[in-house]
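*Asks:* First the structure, which I've put down as structure tokens, then a few questions once you've had a look.
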Amino acid sequence: MRHSGGLRNEEAHIAAREATRGALIGAAKWGLFGVIVGGTGYALSPVYRSLTVQFKVFIQMGFMVMGSSIEADHRMRLYEAQVRMQKRRMRDQATWDKYEEEYKEEPKKN
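Below, the structure written as structure tokens:
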């Protein structure tokens, strides 16, 4: 069975690294937000205070997973746009080089 190398190339590894970085940053940001919401809930709500520790951890994990997913997706979209722009520039440069080579003026011999 032949493999096309789709997941083995350098571009896929860079994309995975970028998504991982986004996931970690998103989990940290939204985890901090979850801690603030949990602290506010604990201070103001008798319902939140009566919840079990396991359920509070579940709520905190929900914030972290959501933030992780959102930020990883955002980073992947930015990376994809960057790669598309870079490939477009390379394609345009190749077209321009071909055009210059085709219409390059030869020095006239007298």
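With our numbering as the guide, the letters of the sequence shown map in order to residues 4 to 113.
Using N, Cα and C, we set each Cβ at its ideal position, and we do this for glycine too.
Since the structure is predicted, the reported quantities are computational estimates derived from the model, not experimental observations.
1) Tell me the residue span of the alpha helix (DSSP H) that contains GLU108.
2) With LEU27 as the anchor, note down where its alpha helix (DSSP H) starts and where it stops.
3) When the Cα atoms are used, what is the spatial distance from LYS73 to VAL38?
4) What does the alpha-carbon distance come out to for the pair GLY42 and GLU13?
5) When we look at the beta-carbon of MET93 and count the other beta-carbons within 10 Å, is it buried (16 or more) or exposed?
6) Express the C-alpha separation of MET79 and GLY70 in angstroms, rounding to a whole number.
7) Would you please state the rounded distance, in angstroms, between the beta carbons of MET64 and TRP33? I believe it to be under 8 Å.
8) Run the CB neighbour count on ALA19, radius 10 Å, all protein chains shown included, and call it buried at 16 or more, exposed below.
9) Where does ALA15 land, buried or exposed, given buried means 16+ other C-beta within 10 angstroms?
*Replies:* The structure says:
1) First-last for GLU108: undefined, no H or E at that position.
2) 13 to 47
3) It is worth fixing the name first, because residue 73 is Ile in this sequence and not Lys. Distance between the alpha carbons of ILE73 and VAL38 is about 18 Å.
4) 43 Å
5) exposed
6) 14 Å
7) Actually they do not touch by this definition, with Cβ atoms about 10 Å apart.
8) exposed
9) exposed
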